[in-house]
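Take 324 as the starting number for the sequence shown in my numbering and just add one per residue.
Ideal Cβ positions, reconstructed from N, Cα and C, are used throughout, including at glycine.
Predicted, not measured: the structure shown is a model, and the values here were computed from it.
Each remark here refers to the structure printed beneath this line.
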Amino acid sequence: MSQWSQVQQLEIKFLEQVDQFYDDNFPMEIRHLLAQWIESQDWEAASNNEAMATILLQNLLIQVDEQLDRVSQEKNLLLIHNLKRIRKLLQGKYHGNPMHIAVIISNCLREERRILAAASMPVQGPLEKSLQNSVVSERQRNVEHKVSAIKNSAQMTDQDVKYLEDLQEEFDFRYKTIQSLEQSDKNSALIKQEMLALQAMLNTLDYKRKEVLSKIGRVIHEIDMLMSNMLTEELLDWKRRQQIACIGGPLHGGLDQLQNCFTLLAESLFQVRRQLEKLDELLTRLTYDGDPIPVQRPQLLEKVNFLLYNLFRNSFVVERQPCMPTHPQRPMVLKTLIQFTVKLRLLIKLPELNYQIRVKATIDNNRRFVLCGTHVKAMNMEESANGSLSVEFRHLQPKEMKSSAGSKGNEGPHMVTEELHSISFETQVCLYGLTINLETSSLPVVMISNVSQLPNAWASIIWYNLSTNDPQNLSFFNNPPAATLSQLLEVLSWQFSSYVGRGLNSEQLNMLAEKLTGQQVSYNDYQLSWAKFCKEHLPGKSFTFWVWLEAILDLIKKHILPLWIDGYIMGFVSKEKERILLKDKTPGTFLLRFSESNLGGITFTWVDQLENGDVTFHSVEPYNKGRLSALPFADILRDYKVIMADNVPENPLKYLYPDIPKDKAFGKHYSCQPNEVSKPSDGGGKGYVPSVFIPVSKILNDSTDPHSPSDLLPMSPSVYAVLSEHLSPTVIETAVCCKLFHS
324 MSQWSQVQQL
334 EIKFLEQVDQ
344 FYDDNFPMEI
354 RHLLAQWIES
364 QDWEAASNNE
374 AMATILLQNL
384 LIQVDEQLDR
394 VSQEKNLLLI
404 HNLKRIRKLL
414 QGKYHGNPMH
424 IAVIISNCLR
434 EERRILAAAS
444 MPVQGPLEKS
454 LQNSVVSERQ
464 RNVEHKVSAI
474 KNSAQMTDQD
484 VKYLEDLQEE
494 FDFRYKTIQS
504 LEQSDKNSAL
514 IKQEMLALQA
524 MLNTLDYKRK
534 EVLSKIGRVI
544 HEIDMLMSNM
554 LTEELLDWKR
564 RQQIACIGGP
574 LHGGLDQLQN
584 CFTLLAESLF
594 QVRRQLEKLD
604 ELLTRLTYDG
614 DPIPVQRPQL
624 LEKVNFLLYN
634 LFRNSFVVER
644 QPCMPTHPQR
654 PMVLKTLIQF
664 TVKLRLLIKL
674 PELNYQIRVK
684 ATIDNNRRFV
694 LCGTHVKAMN
704 MEESANGSLS
714 VEFRHLQPKE
724 MKSSAGSKGN
734 EGPHMVTEEL
744 HSISFETQVC
754 LYGLTINLET
764 SSLPVVMISN
774 VSQLPNAWAS
784 IIWYNLSTND
794 PQNLSFFNNP
804 PAATLSQLLE
814 VLSWQFSSYV
824 GRGLNSEQLN
834 MLAEKLTGQQ
844 VSYNDYQLSW
854 AKFCKEHLPG
864 KSFTFWVWLE
874 AILDLIKKHI
884 LPLWIDGYIM
894 GFVSKEKERI
904 LLKDKTPGTF
914 LLRFSESNLG
924 GITFTWVDQL
934 ENGDVTFHSV
944 EPYNKGRLSA
954 LPFADILRDY
964 KVIMADNVPE
974 NPLKYLYPDI
984 PKDKAFGKHY
994 SCQPNEVSKP
1004 SDGGGKGYVP
1014 SVFIPVSKIL
1024 NDSTDPHSPS
1034 DLLPMSPSVY
1044 AVLSEHLSPT
1054 VIETAVCCKL
1064 FHS
């Protein structure tokens, strides 16, 4: 079943989440019509490869054209209209930046997988629940409402200033007219009446000046309160959501809404600034005793400038954290001399700033690393599909200075991957007489010099962003805090949903919890130390919990991904629990689990029944990535044979736990149908019988361990059948290639 088909079967509350991230950037109609094709492309790789992204965009447009041809024949007018509009939209938005649509589609597919994983969980995790707090949603709506109200108030004040200007011009004209009269004319009753009228106008002017200044003061106060409270909280919440998304959590939306709010507030403040300038202009033409403008205007202007400084400083954000294109799902881990990308945005989108802001990137202040490549670029509105004012650095490389390279040998492997650094960015905005210096920084990054350090470096990134919302605590690992077990398990499930397409259920998480703590504990109360997670070896093992889990992720990604996504690998189950599950099942029932003693290994255990009725269990020696590179795991399950005593070799695997026929579960993943007994001529070419690998085990009835040469026996089914008929078990034992644990 395609991923999109699974999405369509979700409950309405999950479908509403899906609806939130499909818009004109990637319309849901295209996702629906091209579901299988979209899921078969590697959008993740294309998001960091422009040539590949260009080809995928071209192919996507071709697919849309084919759909247009189909619906044209069906005379579906509405769909024809929508597809033509969508094709034009996609062509226009992404022709100059094809990698952007690859990023969008990759994120959408990833978010679908996360939602599918969340839907399979009995309860929502604590972190995700906090991110979807109804109070937060209500605050977002309040912010947008208040920003709109402030914008309207500023525009209404514009009308008041214009009325004041017109009133003053009339007063000025009438006053100058009287001043131009002869002295004898000024004593007439008519002129005296006009002077009284002018005095009334001056009183009105004074009242209107005070009223305008009061309204301007209220607008400034409303902006100040909004920025100090709700808008600041919104920005901090977005940054926290970004942290969580970086370690596999829900995608962090809301930046476009924040940009709209920041931009409207900036426009309102500049509008107020122009109103104050207009009042200053009116002041130069007319002033009087008790005039409120010279008293109040300087204070109001100072407050406006102060708010603009703060608004601009808060609007300069890292939209996409540093990430190596080679490891898109491991952001903030950077390898020396390998390029990484990072994207920044100014949330105040004003046309006057396009190509006027040059951003400079630097790293740390300790002089240990420098950035090579293009580290100064101008922000513009053309690079982003949504027209935001942004800049993306695509060719930066961290380089370690020679003076510090010599000291690296004194640092242990954990010290390297626990050392945090920061990529900093600075720029200057010059606008309407204001000069504002802006600075921002990435979340802490970990530098590695060898890809073997990547797992531990990623563990550091996970622990940091799980444990703190402080964006710049570079000394965090001097004394790393403990993490709540419930939150850690949720993040571990995200590693699976984001990296290999399927998260962990409660039973699998229970097993991980027991492995981490060595006991059954309450998720909500237990605090787990950093050392327990990543530094201390598991009891009786030569590796840590995290290294063990990372090896499993790598195994799934590279060798058994389709089986994992289908949910047929139980994976995380202890040997004790395994036997409890299998003991009452039909003989031949088996399950698949990850090895606890071997890194990156998967094994299967089946239940059997002896002649006296006793139940027995058999577990095959774990298959690792080396063996699975030679033969797909689904084919191993199909062709696996056991030799017991003098019996004919047979496949003991009948039903996947709990009772799914093996071929029904794995049939679609077989690389080819098993070969029947062949005649020599069937081999083609030179008359050879085709050769295939067959995994074979021999169960010993004594306690002596069998030999364990290679797991796979290069032998065709026909040859194997002939051998089993003519050779004794003792002779065949020399060809047995898979140790089996018998109990």
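(Q) Please report the distance separating the alpha-carbon of Tyr963 from that of Asp982. (A) In the sequence shown, the residue the question calls residue 963 occupies position 640. In the sequence shown, the residue the question calls residue 982 occupies position 659. Each residue's Cα considered, the two are about 19 angstroms apart.
Q.
Under DSSP, the alpha helix (DSSP H) around Asp986 begins and ends at which residues?
A. In the sequence shown, residue 986 corresponds to position 663, counting from 1. 985-989 is the span of the alpha helix (DSSP H), which, as asked, contains Asp986.
Q: Compute the beta-carbon to beta-carbon distance between Thr750 and Ile686, rounded to the nearest angstrom, for a pair I have assumed lies under 8 angstroms.
A: Position 427 of the sequence shown, counting from 1, holds the residue named residue 750. Position 363 of the sequence shown, counting from 1, holds the residue named residue 686. Contact between Thr750 and Ile686 fails: their C-beta atoms lie close to 16 angstroms from each other, not under 8 angstroms.
**Q.** Helix, strand or coil at Thr867 according to DSSP, with G and I counted as helix
**A.** Locating residue 867 in the sequence shown gives position 544, counting from the first residue. Here Thr867 sits in strand by DSSP.
Q) Looking at C-beta atoms only, is the number of pairs between the region 639-656 and the region 761-772 that lie closer than 8 angstroms three or more? A) The region 639-656 and the region 761-772 touch, with no fewer than 3 CB-CB distances between them shorter than 8 angstroms.
Q. Under a Cβ-count criterion, where at least 16 other Cβ atoms within 10 Å of its own Cβ denotes burial, should Ala701 be classed as buried or exposed?
A. Residue 701 sits at position 378 when you count from the first residue of the sequence shown. Counting Cβ neighbours within 10 Å, Ala701 comes out exposed, since fewer than 16 surround it.
Q. Since Phe940 sits in a beta bridge, which residues does DSSP pair it with?
A. The count along the sequence shown starts at 1 and reaches residue 940 at position 617. Bridge partners of Phe940: Val930.
(Q) Can you look up Leu338 in the DSSP assignment and give me helix, strand or coil? (A) Here the question's residue 338 lines up with position 15 in the sequence shown. Three-state DSSP puts Leu338 in a helix.
Q) Taking C-alpha atoms, which residue in Lys407, Asn372, Met375, Ala374 lies nearest to Glu389? A) Along the sequence shown, read from residue 1 onward, the residue named residue 389 stands at position 66. Per the Cα distances, Lys407.
Q: Please name the residue, chosen from Phe629, Gly572, Arg961, that lies closest to Arg433 on a Cα-to-Cα basis.
A: One-based indexing of the sequence shown puts residue 433 at position 110. Ranking Phe629, Gly572, Arg961 by Cα distance to Arg433 puts Gly572 first.
Q | Bridge partners - Gln720, DSSP secondary structure assignment | A | Mapped onto the sequence shown, residue 720 falls at position 397. Listed as beta-bridge partners of Gln720 by DSSP are Cys695.
**Q.** Validate contact between the region 807-818 and the region 877-895 using beta carbons, cut 8 angstroms, 3 pairs
**A.** With the cut-off at 8 angstroms, the region 807-818 and the region 877-895 do not touch.
Q: Starting from the C-beta of Ala442, find all residues in its chain whose C-beta is less than 6 angstroms away, skip the five residues before and the five after it, and write them out in chain order.
A: The residue given as residue 442 occupies position 119 in the sequence shown. Non-local beta-carbon contacts of Ala442 in its own chain, meaning distances under 6 angstroms to residues more than five positions away in sequence, involve Leu333, Phe337 in chain order.
**Q.** Euclidean distance between Cα positions of Leu578 and Ile883
**A.** Looking up residue 578 in the sequence shown gives position 255. Looking up residue 883 in the sequence shown gives position 560. Looking at the two C-alpha atoms, the distance is approximately 37 angstroms.
Q. If you follow the alpha helix (DSSP H) that Arg653 is part of, which residue opens it and which one closes it?
A. Numbered from its first residue, the sequence shown carries residue 653 at position 330. Per DSSP, Arg653 belongs to no alpha helix (DSSP H) and is neither H nor E.
Q) Considering only the beta carbon of each residue, do Ala780 and Ile771 sit closer than 7 angstroms? A) For this step, residue 780 is matched to residue 457 along the sequence shown. For this step, residue 771 is matched to residue 448 along the sequence shown. In this structure, the beta-carbon distance from Ala780 to Ile771 falls below 7 angstroms.
**Q.** Pair within 7 angstroms by beta-carbon distance, Leu712 and Leu676
**A.** Locating residue 712 in the sequence shown gives position 389, counting from the first residue. Locating residue 676 in the sequence shown gives position 353, counting from the first residue. In this structure, Leu676 lies closer than 7 angstroms to Leu712 by Cβ.
Q: Please determine, among Phe629, Ile925, Asn405, the residue with the shortest C-alpha to C-alpha distance to Lys881.
A: Locating residue 881 in the sequence shown gives position 558, counting from the first residue. Considering only alpha carbons, the answer is Ile925.
Q: Give the secondary structure of Ser798 by DSSP, where H, G and I count as helix, E and B as strand, and everything else as coil.
A: Looking up residue 798 in the sequence shown gives position 475. In this structure, Ser798 counts as coil in the three-state DSSP scheme.
Q: Excluding the 5 residues preceding and the 5 following Ala425 in the sequence, name in chain order all residues of the same chain whose CB lies nearer than 7 angstroms to its CB.
A: One-based indexing of the sequence shown puts residue 425 at position 102. Contacts found: Trp366, Ala369, Ser370, Ala376, Leu379.
Q) So, using beta-carbon positions, are Thr480 and Lys538 closer together than 7 angstroms? A) Position 157 of the sequence shown holds residue 480. Position 215 of the sequence shown holds residue 538. Less than 7 angstroms separates the beta-carbon of Thr480 from that of Lys538.
Q. Which residue's Cα is closest to the Cα of Thr928: Ile879, Pro885, Leu979, Ala957?
A. For the purposes of this step, residue 928 is identified with residue 605 of the sequence shown, where counting begins at 1. Taking the Cα of Thr928 as reference, the smallest distance to any Cα among Ile879, Pro885, Leu979, Ala957 is reached at Leu979.
**Q.** Residue ranges of each alpha helix (DSSP H) within the region 355-414, 4 or longer
**A.** Along the region 355-414, the alpha helix (DSSP H) occurs as fully enclosed runs of 4 or more residues at 358-362, 366-369, 373-397, listed in sequence order.
**Q.** Cβ pair count under 8 angstroms reaching 3, the region 587-596 against the region 516-532
**A.** As far as the Cβ criterion goes, the region 587-596 does not touch the region 516-532, which means the pair count is below three.
Q | Own chain residues within Cβ distance below 7 angstroms of Ser325, not counting five before or after | A | As a first step, residue 325 must be located in the sequence shown, where it is residue number 2. Ala358, Gln359, Glu362.
**Q.** Same chain, Cβ closer than 8 angstroms to Phe856, five either side skipped, listed in chain order
**A.** On the sequence shown, position 533 is the one that residue 856 refers to. Shown here for Phe856: same chain residues with a beta carbon closer than 8 angstroms to its own, the five before and five after excluded, namely Ala782, Trp786, Ala806, Leu811, Leu839, Thr867, Phe868, Trp869 in chain order.
Q) Is Lys906 helix, strand or coil by DSSP? A) If you number the sequence shown from 1, residue 906 lands on position 583. In this structure, Lys906 counts as coil in the three-state DSSP scheme.
Q.
Quick check: the Cα distance between Lys411 and Leu876, rounded to an integer number of angstroms?
A. Numbered from its first residue, the sequence shown carries residue 411 at position 88. Numbered from its first residue, the sequence shown carries residue 876 at position 553. Going from the Cα of Lys411 to the Cα of Leu876 covers about 40 angstroms.
Q. Near Glu715, what residues of its chain come up, given a Cβ to Cβ distance below 7 angstroms and the 5 sequence neighbours on each side ignored?
A. Within the sequence shown, numbered from 1, the residue matching residue 715 stands at position 392. Sequence-distant partners of Glu715 (beyond 5 residues in either direction) whose C-beta falls short of 7 angstroms from its own C-beta, in its chain, are Thr664, Lys666, Glu706.
Q) Taking only beta-carbon atoms, is Asn420 less than 7 angstroms away from chain C? A) Looking for chain C here will not work: only one protein chain is present.
Q: Would you tell me roughly how many angstroms separate the C-alpha atoms of Lys499 and Leu670, rounded to the nearest one?
A: Within the sequence shown, numbered from 1, the residue matching residue 499 stands at position 176. Within the sequence shown, numbered from 1, the residue matching residue 670 stands at position 347. Taking the straight line joining both Cα atoms gives about 49 angstroms.
Q. Taking the alpha carbon of Ile546 as the point to measure from, which residue in Asp612, Lys469, Ile438, Arg532 has its own alpha carbon closest?
A. For the purposes of this step, residue 546 is taken as the residue at position 223 of the sequence shown. Closest option to Ile546, judged by alpha-carbon separation, among Asp612, Lys469, Ile438, Arg532: Lys469.
Q.
Under DSSP, the beta strand (DSSP E) around Val760 begins and ends at which residues?
A. Taking the sequence shown and counting its residues from 1, the one referred to as residue 760 is at position 437. Before going further, note that residue 760 is Asn rather than Val in the sequence given. Annotation: the continuous beta strand (DSSP E) that includes Asn760 extends over 757-764.
Q.
I need the straight-line Cα distance from Phe585 to Leu631, nearest angstrom please.
A. One-based indexing of the sequence shown puts residue 585 at position 262. One-based indexing of the sequence shown puts residue 631 at position 308. Approximately 10 angstroms, taken between the alpha carbons.
Q: Would you kindly work out how many angstroms separate the C-alpha atoms of Ser843 and Asn833, rounded to a whole number?
A: Here residue 843 corresponds to residue number 520 of the sequence shown, with the count starting at 1. Here residue 833 corresponds to residue number 510 of the sequence shown, with the count starting at 1. Note that residue 843 is Gln in the sequence shown here, rather than Ser. Their Cα atoms are separated by approximately 8 angstroms.
Q. In this structure, does DSSP put His860 in helix, strand or coil?
A. Walking along the sequence shown from the start, residue 860 turns up at place 537. In this structure, His860 counts as strand in the three-state DSSP scheme.
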